[in-house]
Amino acid sequence: MGHIIYLDHAATTRTAPEVAEAMLPYFTEYYGNPSSIYSLGSAAKKAVMEAREEIAATLGAKTNEIYFTGGGSEADNWALIATAEAYAGKGKHIITSKIEHHAVLHTCAYLEKRGYEVTYLDVGENGIVDPEDVRRAIRPDTILVSVMFANNEIGTIQPVREIGAVAKEQGVLFHTDAVQAYAHMPINVDEMNIDMLSASGHKFNGPKGTGFLYIRTGIKTRSFLHGGQQERGRRAGTENVPGIVGLGKAVRLAFSNMEEHAGKERKLRDYLIQRIEKEIPHCRLNGDRERRLGNNVNFSFRFVEGESLLIMLDMKGICASSGSACTSGSLDPSHVLLAIGLPHETAHGSLRLTVGFGNTMEEMDCVVEALKEIVEKLRAMSPLYEDFIKKQK
Amino acid sequence: MYSEKVMDHFQNPRNVGEIENASGVGTVGNAKCGDIMRIYLDIDEDGIIRDCKFKTFGCGAAVATSSMATELVKGKSVAEAMKVTNKAVMDALDGLPPVKVHCSLLAEEAIHAALWDYAEKHGIEIEGLKKPKADIHEDGEEGEVY
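Residue numbers (the working numbering), protein chains in the order written: chain A, 1296 to 1688; chain B, 110 to 255.
Next up, the structure:
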């Protein structure tokens, strides 16, 4: 492969070399089962414990409130299903938003088939949930509010603290899918009124297949995997020790460099947004300008289709992502872009670029030049653009 | 995901453009599912397709099938062009992924729509040609400028 410009950090990130290095001994040297009594097992148990402590401290949580999972989707599934089951006696109503990740939306659909009722809150044009809408949607039988911390497509940061406050005041549990936000910005579960939080390791240079669910002490929850006593009996199965060690290491790295990394990413993001807006006509920035993840750029380019755009970028070694139907395997474009009110054809022409602290300004320049050329080429063969130009005359 | 031929026709599409005073123009597709194709035909007095151009809004497969369809009908008689089916387009491209088969159908429909327009303009009937489905256009975006 030639030089790759990787601008899909919301999809996944490179495992940091320090993370991979920290994991290695736990494959070949300290391979003991943490549940075993001998010292080889204790070494593994200690490493798992340290990672748990590391994570708990970053959230202002207690160590026994962190449960390791196989990633963000599992944590979302667990939070919703186990809470729904444990609180079915109180009610069967759940509130979420229309722009959640499918790990939440499809789990809600699963629960609906099993007799639960789900309210999907609308978002405004900027892609932000209004806490007052949450308040209005709460009913006596509401058991859970689940709203993501930051959106994976358009990068909008939700008013989590305010939504949590509404839920708390009404005696309803609050879960947030923080997969895109955790380890990228400070989160304190007490200050932000969060009862449950999902996170994923590979979004911040940790290993894939790792993540955790934070569950506040006192919340009733069901066991998600049945078997041994791992994760306080709630998630059975021998721990992914190397993965957990890698996750802990990635957390340590991300939090000790948070300000520096975030600053770099914001600078790259703002530069990219500014140049695209200035140099490519008929484009629109999706999502909120201010309340936005530091690494997220999402544009719609009118008259062009996203998959074509992605293939042409790929031919130039640029990795990006789109909300086009063609990239999702369905005929509908992204539910998030439709939820913020984009017409179908504009949603099909969307492009997400998510920068990382390792990217450079030179790479941003390359991307803008490539985009200008590609958008122009695609517009030249677009019947929609032809009609638009004829109408202008 | 795509065959080499599809990638070639996507990267170097043949016959992109418009034909002024075309004998027939057909636009098919649906902005909702993200594919719109327009085909222009230039047909001489003997019913031979002298030239064929296209414009397409859509994915890689949509562009490649349009490009291949124009190649397949160019120089053919109207009757021969009627035999250019979606399967013929797919075969010529060494196949398409299953989710993209609809693009080849669209290419066939676009050719038929352009032929229908030609037949209507010239008051003739083409054997086996049915009236194309009404195309769905850029609805709802009127007046939105950014």
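From the three backbone atoms N, C-alpha and C, an ideal C-beta is built for every residue, glycine too.
* With a cut-off of 8 Å, do at least 3 Cβ pairs link the segment 159–174 of chain B to the segment 1589–1600 of chain A? -> yes
* Distance, Ile-1635(A) Cα to Gln-1569(A) Cα -> For the purposes of this step, residue 1569(A) is identified with residue 274 of the first sequence, where counting begins at 1. For the purposes of this step, residue 1635(A) is identified with residue 340 of the first sequence, where counting begins at 1. If I take the Cα positions, the gap works out to 22 Å.
* Of all the alpha helix (DSSP H) runs that stay within the bounds of the segment 1342–1406 of chain A, which reach a length of 4 or more residues? -> 1367–1381
* Tell me which same chain residues have a C-beta within less than 6 Å of the C-beta of His-246(B), skipping the five on either side of it? -> Counted from its first residue, the second sequence places residue 246(B) at position 137. Unreliable positioning characterises His-246(B) in this predicted model, as indicated by a pLDDT of 45, which lies under 50. The coordinate reading is nonetheless provided below. Excluding residues within five positions, none has a Cβ falling inside 6 Å.
* To do: Could you tell me whether any Cβ in chain A is nearer than 8 Å to the Cβ of Glu-127(B)?
  => On the second sequence, residue 127(B) is found 18 positions in, with the first residue counted as 1. For Glu-127(B), the answer is yes, since a Cβ of chain A falls inside 8 Å of its Cβ.
* **Reference Ala-1305(A), options Ala-1473(A), Asn-1359(A) and Gly-1459(A), closest by Cα** => Translated into the one-based positions of the first sequence, residue 1305(A) becomes position 10. Minimum Cα distance to Ala-1305(A) is reached at Ala-1473(A).
* Asked: Pick from Gly-1522(A), Leu-1605(A) and Ser-1645(A): whose alpha carbon is nearest that of Arg-1579(A)?
  -> Within the first sequence, residue 1579(A) is the residue found at index 284, counting from 1. Closest option to Arg-1579(A), Cα to Cα, is Ser-1645(A).
* Nearest residue (CA-CA) to Ala-170(B), options Val-210(B), Ser-132(B), Asp-153(B) and Glu-189(B) -> Sequence index remark: in the second sequence, residue 170(B) carries index 61 (1-based). Nearest option by C-alpha distance: Val-210(B).
* Asked: Based on the DSSP secondary-structure assignment, which residues constitute the bridge partners of Leu-1439(A)?
  -> Residue mapping note: residue 1439(A) aligns to position 144 of the first sequence, counting from 1. Looking at the DSSP assignment, Leu-1439(A) forms a beta bridge with Ile-1389(A) and Leu-1468(A).
* Is the beta carbon of Val-187(B) sitting closer than 8 Å to the one on Gly-237(B)? -> The residue labelled residue 187(B) in the question sits at position 78 within the second sequence. The residue labelled residue 237(B) in the question sits at position 128 within the second sequence. Not a contact, by the Cβ cut-off of 8 Å.
* To do: May I have the straight-line CA-CA distance separating Asp-1303(A) from Ile-1613(A), to the nearest angstrom?
  => Along the first sequence, one-based indexing puts residue 1303(A) at 8. Along the first sequence, one-based indexing puts residue 1613(A) at 318. Answer to the nearest angstrom: the Cα atoms are 9 Å apart.
* Asked: Applying the criterion that 16 or more other CB atoms from any shown protein chain within 10 Å of the CB defines a buried residue, is Thr-1310(A) buried or exposed?
  -> Stepping through the first sequence from its first residue, residue 1310(A) is reached at position 15. That one is buried.
* Asked: What residue does the beta strand (DSSP E) around Ala-1306(A) start on, and which one ends it?
  -> To locate residue 1306(A), count along the first sequence from 1; it is residue 11. Per DSSP, Ala-1306(A) belongs to no beta strand (DSSP E) and is neither H nor E.
* **In DSSP terms, what Ile-1452(A) is bridged to** => Working through the first sequence from its first residue, we reach residue 1452(A) at position 157. Partner(s): Ala-1445(A).
* Asked: Does DSSP put Asp-1660(A) in a helix, in a strand, or in coil?
  -> Position 365 of the first sequence, counting from 1, holds the residue named residue 1660(A). Asp-1660(A) falls in the helix class under three-state DSSP.
* Closest residue to Ser-1368(A) among Gln-1475(A), Ile-1489(A) and Pro-1481(A) (Cα-Cα distance) -> Indexing the first sequence from 1 puts residue 1368(A) at position 73. That would be Gln-1475(A), whose Cα lies nearest to the Cα of Ser-1368(A).
* Does the beta carbon of Lys-164(B) sit closer than 8 Å to a beta carbon anywhere in chain A? -> Numbered from its first residue, the second sequence carries residue 164(B) at position 55. Cβ-Cβ to chain A under 8 Å: yes for Lys-164(B).
* Please list the segments of the beta strand (DSSP E) lying wholly inside the segment 1558–1616 of chain A, counting only runs of 3 or more residues, in order along the chain. => 1578–1580 and 1591–1596
* Take Cys-142(B) as the anchor and find which of Ile-128(B), Arg-159(B) and Leu-215(B) has the nearest alpha-carbon. => In the second sequence, the residue the question calls residue 142(B) occupies position 33. The shortest C-alpha separation from Cys-142(B) is found at Leu-215(B).
* Enumerate in chain order the residues of its own chain whose CB-to-CB distance from Tyr-1566(A) is below 7 Å, with the five nearest sequence positions on each side excluded. => Along the first sequence, read from residue 1 onward, the residue named residue 1566(A) stands at position 271. Same-chain partners within the cutoff: Met-1656 and Met-1659.
* Identify, in the order they occur along the chain, each residue of the same chain with its Cβ nearer than 7 Å to the Cβ of Ser-1677(A), setting aside the five sequence neighbours on each side. => Walking along the first sequence from the start, residue 1677(A) turns up at place 382. So the qualifying residues of the chain are Phe-1598 and Val-1599.
* **Range of the contiguous alpha helix (DSSP H) that encloses Cys-212(B)** => Along the second sequence, read from residue 1 onward, the residue named residue 212(B) stands at position 103. 210–231 is the extent of the alpha helix (DSSP H) around Cys-212(B).
* Can you tell which of Lys-114(B), Ile-128(B) and Leu-224(B) has its C-alpha closest to the C-alpha of Pro-122(B)? -> By 1-based counting over the second sequence, the position of residue 122(B) is 13. Taking only the C-alpha atoms, the option nearest Pro-122(B) is Lys-114(B).
* Asked: Hey, does Val-172(B) have any beta-carbon neighbour from chain A nearer than 8 Å?
  -> Start at 1 with the first residue of the second sequence, and residue 172(B) comes out as number 63. Yes, Val-172(B) lies at the interface with chain A (some Cβ there is under 8 Å from its Cβ).
* Thr-125(B) bridges to which residues according to DSSP? -> By 1-based counting over the second sequence, the position of residue 125(B) is 16. The question names Thr, yet the displayed sequence has Val at residue 125(B). In the DSSP output, where bridge partners are listed per residue, Val-125(B) has Phe-163(B).
* Asked: What whole-angstrom Cβ distance do Gly-1501(A) and Val-1314(A) have, given they're in contact under 8 Å?
  -> If you number the first sequence from 1, residue 1501(A) lands on position 206. If you number the first sequence from 1, residue 1314(A) lands on position 19. Yes, Gly-1501(A) and Val-1314(A) are in contact; Cβ-Cβ is about 6 Å, under 8 Å.
* To do: Say whether chain A places a C-beta atom closer than 8 Å to the C-beta of Gly-133(B).
  => One-based indexing of the second sequence puts residue 133(B) at position 24. False, the Cβ-Cβ gap to chain A never drops below 8 Å.
* CB contact check: Gly-143(B) to chain A, cutoff 8 Å -> In the second sequence, the residue the question calls residue 143(B) occupies position 34. At least one chain A Cβ lies under 8 Å of Gly-143(B).
* Identify the continuous beta strand (DSSP E) that holds Ala-1476(A) and give its terminal residues. => Counting from 1 along the first sequence, the entry for residue 1476(A) is found at position 181. Unbroken run through Ala-1476(A): none, as it is neither H nor E.
* To do: State the Cα-Cα distance for the pair Ile-128(B) and Met-199(B), rounded to the nearest angstrom.
  => Locating residue 128(B) in the second sequence gives position 19, counting from the first residue. Locating residue 199(B) in the second sequence gives position 90, counting from the first residue. Approximately 25 Å, taken between the alpha carbons.
* Asked: For Asn-1488(A), does the count of other Cβ atoms within 10 angstroms reach 16, so buried, or fall short, so exposed?
  -> Numbered from 1 along the first sequence, position 193 holds the residue referred to as residue 1488(A). Counting Cβ neighbours within 10 Å, Asn-1488(A) comes out buried, since at least 16 surround it.
* What separation, rounded to the nearest whole angstrom, lies between the Cα atoms of Val-125(B) and Lys-162(B)? -> Start at 1 with the first residue of the second sequence, and residue 125(B) comes out as number 16. Start at 1 with the first residue of the second sequence, and residue 162(B) comes out as number 53. For Val-125(B) and Lys-162(B), the distance between alpha carbons rounds to 5 Å.
* In the DSSP assignment, what are the bridge partners of Ala-1494(A)? -> As a position in the first sequence, residue 1494(A) is number 199, starting the count at 1. Beta-bridge pairing links Ala-1494(A) to Phe-1507(A).
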